[in-house]
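Heads up: the protein sequence lines correspond to chains A and B, in order.
Per this note's numbering, numbering through the first sequence is continuous, rising by one, with the last residue being 290.
Per this note's numbering, numbering through the second sequence is continuous, rising by one, with the last residue being 883.
We put the beta carbon where it would ideally sit given N, CA and C, even for glycine.
Beneath this line is the structure, given in structure tokens, with notes to follow.
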Amino acid sequence: MAATPDLLFALRNNFYLGAFQAAINSGDVQNLSEDDAIERDCLIYRSYIALGSYQLVINEIDSSAATPLQAVKLLALYLLSADNKETVISSIREWLGDAAIGNNPILRLIAGIIFMHEQDFGEALKHTNASGRTMELYALNVQIYLKMHRSDHAEKELRLMQQIDEDHTLTQLATAWINLAVGGSKIQEAYLIFQDFSEKYQMTSLVLNGKAVCCMHMGNFDEAESFLLEALNKDAKDPETLANLVVCCLHLGKPSSRFLSQLKLSHPEHMLVKRGSSAEESFDRAVQTV
Amino acid sequence: MLTKFETKSNRVKGLSFHSKRPWILASLHSGVIQLWDYRMGTLIDRFDEHDGPVRGVHFHQSQPLFVSGGDDYKIKVWNYKLHRCLFTLLGHLDYIRTVQFHHENPWIVSASDDQTIRIWNWQSRTCISVLTGHNHYVMCALFHPKEDLVVSASLDQTVRVWDIGSLKKKTVSPADDILRLSQMNADFFGGVDAVVKYVLEGHDRGVNWASFHPTLPLIVSGADDRQVKIWRMNDAKAWEVDTLRGHMNNVSCVLFHSRQDIIVSNSEDKSIRVWDATKRTGLQTFRREHDRFWILGCHPEMNLLAAGHDSGMIVFKLERERPAFSVSGDSLYFVKDRFLRFYEYSSQKDTQILPIRRPGSNSLNQGPRTLSYSPTENAILICSDVDGGSYELYIIPKESITRGDTVQDAKRGVGGSAVFVARNRFAVLEKSTNQVLVKNLKNEIVKKSALPVAADAIFYAGNLLCRAEDRVYIFDLQQRLVLGDLQASFVRYVVWSSDMESVALLSKHSIIIADKKLVHRCTLHETIRVKSGSWDDNGVFIYTTLTHIKYCLPNGDSGIIKTLDTPVYITKIFGNTIFCLDRDGKNRPIAIDSTEYIFKLSLLKKRYDHVMSMIRNSELCGQAMISYLQQKGFPEVALHFVKDERTRFNLALESGNIQIAVASAKEIDEKDHWYRLGVEALRQGNSGIVEYAYQRTKNFERLSFLYLITGNLDKLSKMMKIAEVKNDVMGQFHNALYLGDVQERIKILVNAGHLPLAYATAKTHGLNDVVEDLAEKLQGNIPNLPSRSSSLLIPPTPVLCGGDWPLLRVMKGIFEGGLDNVGKGGNEEYEDAGDADWGEDLDIVDGENIQNGDISMALDDEGAPEEENEEGGWDLEDLELPA
């Protein structure tokens with residue numbers, strides 16, 4: 001590997017670990033090549049998207065910006081409101097069909113993300129699996145496979161990632177995800193990965209949630225709760241933290257209704273809410289049939 | 001070879017280590033004997049009385065003596081404390097080659113070119129035996145370290161072992177006249193009390209040196225046939241065991257190492273060779289470019305050797321004695337002999353974990369140098385110099401430790417240094433390509449990263465700390481970025497504080513403290529080698545040199561905590577206990593008194609509550625502490641340690657504590673001190689005390705002026721009266737001038753006989769009746785005065801009458817009040833001073849006010865002036881008028 005310094009390392013790393021504001025702050029890097037500058041902008045805008053500042057991203061990216069940035073803008077538009085979905089998807093399909101830009105990894109990545117949001121995994125994989133893949137695309141693949149409950153495929157992807165760079169943050173994260181999905185003795189390893197992250201880098205709610213989930217898998221609900229409360233301190237509205245807290249409190253026999261209603265209010269689309277309500281519906285139906 | 005000390009001089013022919021002190025004697029071909037401190041690297045003394053080369057020199061084991069023998073046929077016994085030669089033993093008829101003290105009897109053995117060996121009694125200063133038999137120059141003669149034997153080597157190609165048992169018997173039994181007579185005969189006729197026991201023949205040329213093994217019945221000899229021979233002896237005979245070949249020229253000296261199973265020889269072929277004494281194979285050769293070697297010395301107790309050559313000498317060690325160790329939480333992992341051991345601080349339990357590969361015996365100094373531990377994976381990396389730098393990776397088995405000696409199959413690799421950088425990753429420096437290889441626990445390369453600056457060692461730093469030629473830098477393997485760098489010459493050890501915020505970089509003679517980005521904080525220089533260090537919980541760096549345990553505060557202040565007899569390596573610090581590894585691989589807790597540095601640290605961190613409680617509770621004292629406090633700007637703190645009034649006075653002035661200064665000044669009662677008190681009080685505006693001080697020194701001029709500027713007209717007029725009484729015309733006049741009392745001035749001038757002046761005064765002030773009066777007296781001799789009206793010199797009416805001025809705010813700081821309580825027990829004199837209630841204090845001075853009775857009388861006549869400004873409490877009447 002070349003000895004040229006990796007100037008965007010801190011930015012990328014913070015973004016991957018969910019320290020979005022830190023990522024934005026570490027984006028001030030001098031002497032970047034053109035490609036690196038575009039990558040930096042993408043990461044910063046994606047950080048803003050992750051922070052919910054969709055409109056900012058939409059406003060700042062004008063029509064003259066490079067393709068990857070346009071893709072990021074599409075993502076912002078997609079997430080801004082459900083009304084845009086149709087137009088966004090149609091334009092992304094159109095761009096992907098364009099031979100000149102269709103192979104751009106960031107465009108494909110965004111496409112993958114959008115289709116994953118649409119629960120259209122097949123379509124997502126179609127774009128993420130093409131040749132010329134980046135670490136992020138691999139990581140997205142792992143995520144998609146895990147959503148499809150195909151950990152065998154996810155592990156294959158992971159092996160490819162490990163061949164490229166075993167110590168890459170995404171590789172480590174993907175390892176932890178797969179370990180969590182597989183469960184059993186692998187949980188310990190996942191925990192160590194999150195532990196490493198928390199020692200080396202900022203404690204983000206992603207890392208804390210990761211540790212907490214590991215703890216829950218291992219039955220240490222007390223410890224998990226302390227991690228989750230720490231995460232809640234960092235971001236009181238983080239849906240994952242709330243969802244995990246609900247689960248954790250249930251196991252500890254503590255009241256969880258407040259977390260649940262908070263989650264319902266802020267994130268009505270969250271998996272836990274949806275499942276809960278569908279279960280309630282089924283229950284109601286069952287009651288009616290009796 | 002680890003060179004500890006090197007000198008440049010004339011050819012060194014004789015060497016001797018002191019058994020206790022870090023001293024070595026070197027006798028030179030020029031006739032000078034040098035005494036060196038090899039630890040400090042200084043020449044302590046030189047003895048220059050021999051005429052011509054001095055070939056033999058030897059320290060006495062317990063007395064402050066040494067003996068030397070030279071080409072002037074003289075044996076001299078010296079006392080190094082008195083810096084002089086005590087006496088000279090004469091008898092040899094040719095050059096003297098070696099001299100040596102006996103370890104318990106008051107004997108000296110000497111070998112000479114006159115073909116004899118002589119044994120001398122240095123107490124009676126006589127020759128007690130002459131050992132004849134060699135038929136050529138005797139090059140060397142040495143006592144056996146325990147038995148009654150002497151070994152000698154001669155150019156007659158033999159080595160002889162002499163039995164001196166009967167000599168010993170003779171000295172032990174009371175000597176009667178007959179015996180003494182026979183002894184005298186023996187002296188004449190070649191003696192019978194020392195007989196040749198064995199003659200060892202085997203060398204083909206003259207033998208230069210022969211010496212005994214310290215414990216075994218072995219002799220080693222070196223000769224002009226370029227061979228080293230090992231001989232064994234029993235009660236009945238002695239025989240040649242083996243020959244060590246390798247030297248290319250005459251072997252000049254050879255001896256058994258006192259602590260290792262090796263033989264060291266040196267030769268005129270400009271090399272020193274180290275041999276395995278059991279396997280009898282050459283282990284190592286050290287060559288010099290131009291210098292032939294002549295002599296070797298072995299320290300009787302420590303692992304030190306010395307060699308003399310054509311242009312000086314070297315003191316050296318063959319093997320490093322520092323155990324490799326790594327601290328992790330409550331545990332210490334270290335290597336002792338060929339085992340990895342584990343020490344738990346809390347229980348002080350020392351257990352053997354696993355055997356490690358035996359360091360290659362085919363060369364020296366290949367033992368483990370550094371050790372790195374990964375707690376999560378329970379893995380150990382041991383680096384050594386084997387194969388020009390290599391590492392071994394061991395995984396500590398989870399099950400209980402196996403007793404067997406089966407060496408675990410360690411994963412090995414070549415590399416400058418290796419260190420864990422993450423849970424399951426370690427970095428190996430590949431010097432040839434200047435790359436860092438990151439490997440996993442399977443010893444597979446995960447990543448390679450080129451370093452921006454050529455490095456010769458790497459250390460742990462969260463990331464990597466790399467040592468380049470004249471600097472160290474922190475390199476982030478993932479970002480491939482240099483995060484910080486710092487100029488530092490050859491850093492040997494790196495010690496991080498437990499929070500990884502501070503790092504100490506230890507070099508041979510310096511310590512650099514920096515933060516985690518390698519921003520320099522302070523540098524300490526030591527004259528003695530720095531050995532080890534560790535951070536205590538308060539952020540104080542505790543380190544050891546060869547001779548001391550010392551501390552270094554975050555601001556770079558350092559000091560000695562404790563003196564050490566033997567070097568130790570600090571591993572961890574718990575409060576007042578320092579855990580060390582010694583050179584034998586034993587863990588030792590050492591209790592230290594941390595009061596001093598904790599006190600200084602508290603001062604530094606401005607934790608004055610701590611400082612105060614420490615002052616209250618402990619017996620911190622000493623001149624050093626006082627001057628430290630003064631130097632650091634805390635005289636007020638120092639004040640509380642001092643009993644000596646003069647020092648107290650000085651400190652009180654420095655800290656502006658007038659009360660204490662007054663109390664001390666009273667105790668001392670010297671003019672100079674009162675004066676200085678006055679100056680300080682004036683600076684602060686405490687006019688009451690200024691007045692008091694001036695009164696005590698009877699400094700009327702200053703006092704008057706003080707009253708003038710404080711507007712105390714009553715006292716000023718009183719001063720005038722005092723001056724009058726004292727017949728101090730000038731003083732009187734001054735006071736009158738200050739008061740603006742023209743009448744009085746005229747009166748004074750008249751009394752002093754300055755009528756024209758009096759007239760002029762009266763005239764200018766328009767006192768016409770007086771003018772007439774004076775004109776009469778002057779009888780026409782009236783001075784001609786300028787007629788134009790002039791402004792008159794009248795002192796302004798005082799704005800403020802009496803009392804103290806607004807006081808200068810004195811930084812009493814945090815210690816105000818708090819410390820005053822401290823003194824209450826012991827120091828009454830400043831207790832009442834602290835109250836600042838001067839009304840009472842005046843009684844003290846009452847009796848000893850101005851002693852001039854006349855004044856009191858005169859003033860008495862005047863009657864007590866009206867009392868005002870009671871506020872100040874410094875009423876003059878209290879002071880000066882006996883009630």
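Residue-level contact to chain A via CB, residue i, 8 Å cutoff
{"i": "B/Leu218", "result": "no"}
{"i": "B/Lys447", "result": "yes"}
{"i": "B/Arg471", "result": "no"}
{"i": "B/Leu393", "result": "no"}
{"i": "B/Glu6", "result": "no"}
{"i": "B/Asp835", "result": "With a pLDDT of 39 at B/Asp835, under the threshold of 50, the modelled position of that residue is not reliable, and the figure given next carries that caveat. Answer no: the Cβ-Cβ gap between B/Asp835 and chain A never drops below 8 Å."}
Chain B contact for residue i (CB, 8 Å cutoff)
{"i": "A/Glu39", "result": "no"}
{"i": "A/Thr204", "result": "no"}
{"i": "A/Asp35", "result": "no"}
{"i": "A/Ala176", "result": "no"}
{"i": "A/Thr171", "result": "no"}
{"i": "A/Ala19", "result": "no"}
{"i": "A/Met1", "result": "Here the model assigns A/Met1 a pLDDT of 39, short of 50, so the residue's position is not dependable, and the following value carries that caveat. A/Met1 counts as touching chain B."}
{"i": "A/Thr134", "result": "no"}
{"i": "A/Glu223", "result": "no"}
{"i": "A/Pro5", "result": "yes"}
{"i": "A/Ala23", "result": "no"}
{"i": "A/Glu157", "result": "no"}
{"i": "A/Phe363", "result": "In the structure displayed, chain A extends from 1 to 290; residue 363 of chain A sits before or after that span and is not available."}
{"i": "A/Ala10", "result": "yes"}
7 Å Cβ cut-off: residues of chain E touching residue i
{"i": "B/Thr376", "result": "In the structure shown, chain E cannot be found, because the protein chains are A and B."}
Residue i in three-state terms, based on DSSP
{"i": "B/Ile108", "result": "strand"}
{"i": "B/Pro635", "result": "helix"}
{"i": "B/Leu767", "result": "coil"}
{"i": "B/Pro756", "result": "helix"}
{"i": "B/Gly896", "result": "This structure does not reach residue 896 of chain B, given that chain B is present from 1 up to 883, and the question cannot be answered."}
{"i": "A/Leu276", "result": "Inspection of the sequence shows that residue 276 of chain A is occupied by Gly rather than by Leu. In the structure shown, A/Gly276 sits in a helix (DSSP, three-state: H, G or I)."}
{"i": "B/Pro452", "result": "coil"}
{"i": "B/Tyr343", "result": "strand"}
{"i": "B/Phe490", "result": "coil"}
{"i": "B/Trp209", "result": "strand"}
{"i": "B/Ser374", "result": "strand"}
{"i": "B/Met233", "result": "strand"}
{"i": "B/Thr697", "result": "coil"}
{"i": "B/Trp122", "result": "coil"}
Nearest-angstrom beta carbon gap, residue j and residue i [assumed within contact, 8 Å]
{"i": "B/Ala450", "j": "B/Asn434", "result": "6 Å"}
{"i": "A/Leu17", "j": "A/Phe197", "result": "6 Å"}
{"i": "B/Met719", "j": "B/Leu703", "result": "6 Å"}
{"i": "B/Ile573", "j": "B/Thr544", "result": "Contact doesn't hold; Cβ gap of about 11 Å is too wide."}
{"i": "B/Val428", "j": "A/Asp167", "result": "That belief does not hold up - the Cβ atoms of B/Val428 and A/Asp167 are roughly 15 Å apart, past 8 Å."}
{"i": "B/Ser655", "j": "B/Glu636", "result": "4 Å"}
Proximal residues, the stretch 416-430 of chain B versus chain A, C-beta separation under 8 Å: For the stretch 416-430 of chain B, which is checked against every Cβ of chain A, the residues closer than 8 Å are Ala422, Arg423, Arg425.
Within 9 Å of chain A by C-beta, residues of the stretch 448-469 of chain B in sequence order: For the stretch 448-469 of chain B, which is checked against every Cβ of chain A, the residues closer than 9 Å are Lys448, Ser449, Ala450, Leu451, Pro452, Gly462.
Interface residues of the stretch 434-445 of chain B facing chain A [CB-CB below 8 Å]: Sequence-ordered contacts of the stretch 434-445 of chain B with chain A read Val438, Asn440 [C-beta pairs closer than 8 Å].
Residues in the stretch 479-499 of chain B having any Cβ partner in chain A nearer than 9 Å: Listed in sequence order: Gln479, Arg480, Leu481, Val482.
Unbroken stretches of the alpha helix (DSSP H), 4 residues or longer, contained in the stretch 40-113 of chain A: Fully enclosed alpha helix (DSSP H) runs of 4 or longer: 54-60, 67-80, 85-97.
Segments assigned alpha helix (DSSP H), at least 4 residues, entirely inside the stretch 161-201 of chain A: Here the runs fully enclosed are 169-182, 186-200.
Under 8 Å (Cβ pairs) to chain B, residues found in the stretch 82-105 of chain A: Shown here is that no member of the stretch 82-105 of chain A has a Cβ falling below 8 Å from a Cβ of chain B.
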